[in-house]
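Scroll down for the structure; my scribbles are underneath it.
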Amino acid sequence: MCTNINLNILPTKINLLDLDEKKMQLFISSIGAKSFTTEQIMKWIYNYNCHDFNKMFNISKKIRNKLNQISYINMKNFSEERISSDGTIKWITSLNNQKIETVYIPEKKRSTLCISSQIGCPLKCKFCATGKEGFNRNLKVSEIISQILQAKIRLKQKKITNIVFMGMGEPLLNLNNIITSLNIILHKNGFGLSKRRITLSTSGIIPALDKLSQKIDINLAISLHAPNNYIRNSIMPINKKYNIQSLLSSVSKYLKHSNANHNGVTIEYVMLHNINDSIKHAEELSYILRNIPSKINLIPWNVFKYSNFKCSSSDTINVFANVLRNHGFNTTIRKNRGKDINAACGQLVGNVISRNKKPFIIL
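Quick note on my numbering: the sequence shown kicks off at 437 and runs consecutively.
See the structure below:
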């Protein structure tokens with residue numbers, strides 16, 4: 437295995453971790469290399485963790501010299517590691533005085549890597565610590581992919597079976613880089629994961645969700661968290677732009693073209709004491725989801741600094757779940773992992789120098 441990283445780089449060089457197979461093919465063609473060189477390079481990077489062109493012995497010396505002149509493979513390294521009493525691991529990546537967080541959750545039959553897509557988040561959901569931190573910028577493809585490469589190196593022989601875009605940020609506000617990253621994750625010469633092993637969680641950026649459905653097919657999770665617009669407006673400002681009815685309509689369109697979501701979309705619902713957790717709210721939720729094939733994941737709220745919310749009691753959550761089950765919904769209660777290292781759902785903060793800047797979507 438080759439894990440050396442070439443640090444002798446120039447700002448004008450192209451980082452090959454920003455390229456999926458199609459973009460890599462165009463780049464390889466531009467330097468006069470044979471098309472099979474794309475497959476060779478991707479295998480070296482993603483199968484053998486090799487980031488030094490000089491050690492890619494099955495590529496001609498002439499092409500290796502060209503690669504060194506105009507490109508590089510720059511993986512962002514984890515700078516910190518924190519391990520929970522339950523085995524969850526949180527890794528921190530430093531990016532120019534800012535930090536993003538990546539979480540690894542081992543289980544008996546699978547192991548999940550939760551990755552970030554932005555430095556901070558502009559959506560400002562009131563129950564989420566990331567939203568309290570503000571927003572700086574979207575992550576580059578290479579910064580998204582580096583989280584997976586570094587995790588693979590740290591975990592050695594342990595396998596990552598699932599990847600979820602549920603870390604810091606709203607993935608669909610970084611749509612183009614997310615699609616390129618997904619192409620790498622799915623490709624046989626990339627990470628080679630099945631589309632049913634990848635889940636993207638979104639608060640509901642409808643234009644981007646509609647665009648995603650035309651580009652790629654993966655598992656979808658919707659951060660709904662409320663059964664009506666009144667409550668959702670109060671805890672999720674994005675609902676004032678894209679309300680529940682519009683969001684569920686977009687989800688229905690996505691599901692019509694999706695093979696990955698064969699059991700329906702996942703509905704994420706954080707349980708907030710005296711806000712969205714009554715039997716009436718469970719009945720409302722059942723009603724609005726009546727025509728959406730879905731499985732519902734109830735998330736006990738996790739505490740973070742400077743928040744006034746409280747988590748619903750275990751009894752309240754169980755009653756809420758049973759109402760949904762009685763209406764025929766596959767309903768689970770999430771077992772939150774990594775709470776003692778602030779790695780559970782809604783607790784990721786990293787370190788964000790907010791620029792009060794809204795990201796834009798290129799459609």
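Even glycine gets a Cβ: it sits at the ideal position worked out from N, Cα and C.
None of these values were measured; they are calculated from a predicted model.
Query	Result
Using DSSP with H/G/I as helix, E/B as strand and the rest coil, what is Val687?	helix
Could you give the residue range of the beta strand (DSSP E) that holds Gln554?	554 to 556
Am I right that Pro663 and Ile724 are in contact with their C-beta atoms under 8 Å? What's the rounded C-beta distance?	6 Å
With a threshold of 7 Å on Cβ separation, who are the neighbours of Leu799 within its own chain once the five nearest residues in sequence on each side are excluded?	Residue placement at Leu799 cannot be trusted, given a pLDDT of 41 that sits under 50; what the coordinates show is reported in the next sentence. If we look at Leu799 and ignore the five residues flanking it on each side, its Cβ neighbours are Pro643, Lys647.
Between which residues of its own chain and Phe740 is the CB-CB distance below 6 Å, once the five residues before and five after are set aside?	Ala565, Gln783
Please classify Ser515: is it buried, with 16 or more other beta-carbons within 10 angstroms of its beta-carbon, or exposed?	exposed
For a cutoff of 8 Å on Cβ pairs, would you count Ala780 as touching chain B?	Although the question refers to chain B, the structure presented lacks it and comprises just one protein chain.
When the distance is taken between beta carbons, is Lys512 closer than 8 Å to Thr529?	yes
Going by DSSP, which residues form a beta bridge with Gln593?	Note: Gln593 sits in no beta bridge, so no partner.
Which residues mark the beginning and the end of the alpha helix (DSSP H) in which Asn665 is found?	665 to 671
Which residue or residues does DSSP assign as beta-bridge partners of Arg573?	Ile555
Classify Leu462: buried if its beta carbon has 16 or more other beta carbons within 10 angstroms, exposed otherwise.	exposed
Are Val701 and Ile658 closer than 8 Å when you measure CB to CB?	yes
Where in the segment 715 to 775 do unbroken runs of the beta strand (DSSP E), each at least 3 residues long, occur, reported from the N-terminal end onward?	730 to 736, 766 to 769
Please name the residue, chosen from Pro607, Gln593, Ser582, Tyr678, that lies closest to Asn574 on a Cα-to-Cα basis.	Pro607
Counting C-beta neighbours from all protein chains within 10 Å, is the total for His693 16 or more, i.e. buried, or is it exposed?	exposed
Using the C-alpha atoms, what's the distance from Thr752 back to Trp480?	51 Å
Spatial neighbours of Arg668 within its chain, please: CB distance less than 8 Å, with the 5 preceding and 5 following residues excluded, ordered by chain position.	Leu660, His661, Ala662, Asn675, Asn679, Ile680
Could you tell me the boundaries of the alpha helix (DSSP H) in which Ala824 lies?	Missing from the structure shown is residue 824; the chain here goes from 437 to 799 and no further.
Any contact of the segment 474 to 491 with the segment 537 to 555, i.e. 3+ C-beta pairs under 8 Å?	no
Short of 6 Å in beta carbon distance, which residues of its chain neighbour Asn766, apart from the five on each side in sequence? Order them along the chain.	Lys731
Comparing C-alpha positions only, which one of Asn625, Gly626, Phe601 sits nearest to Ile825?	The requested residue 825 is not part of the displayed model; the chain covers only 437 to 799.
Among Arg770, Gln583, Lys498, His698, which residue has its Cα nearest to the Cα of Glu704?	Arg770
Using only CA atoms, which one of Ser750, Ile654, Leu684, Lys526 lies nearest to Leu618?	Ile654
Would DSSP call Leu784 helix, strand or coil?	coil
By Cβ distance below 6 Å, which residues in the same chain neighbour Leu443 in space, the five residues on each side in sequence not counted?	With a pLDDT of 43 at Leu443, under the threshold of 50, the modelled position of this residue cannot be trusted; read the value that follows with caution. Closer than 6 Å at Cβ, skipping near neighbours: no residue.
Candidates Val759, Ile711, Ile641, Ile715: which alpha carbon is nearest Trp737's?	Ile711
Please classify Met707: does DSSP put it in a helix, a strand, or coil?	strand
For Ser521, which residues in the same chain have their Cβ closer than 7 Å to its Cβ, ignoring the five residues on either side in sequence?	Asp776
State the Cα-Cα distance for the pair Val788 and Glu569, rounded to the nearest angstrom.	6 Å
Please classify Thr635 as buried or exposed, where buried requires at least 16 neighbouring CB atoms within 10 angstroms.	buried
Name, in chain order, the residues that DSSP records as bridge partners for Phe514.	Thr529
Alpha helix (DSSP H) containing Phe463: first to last residue?	457 to 466
What does the Cβ neighbour count give for Tyr666, buried or exposed, with the cut at 16 atoms within 10 Å?	exposed
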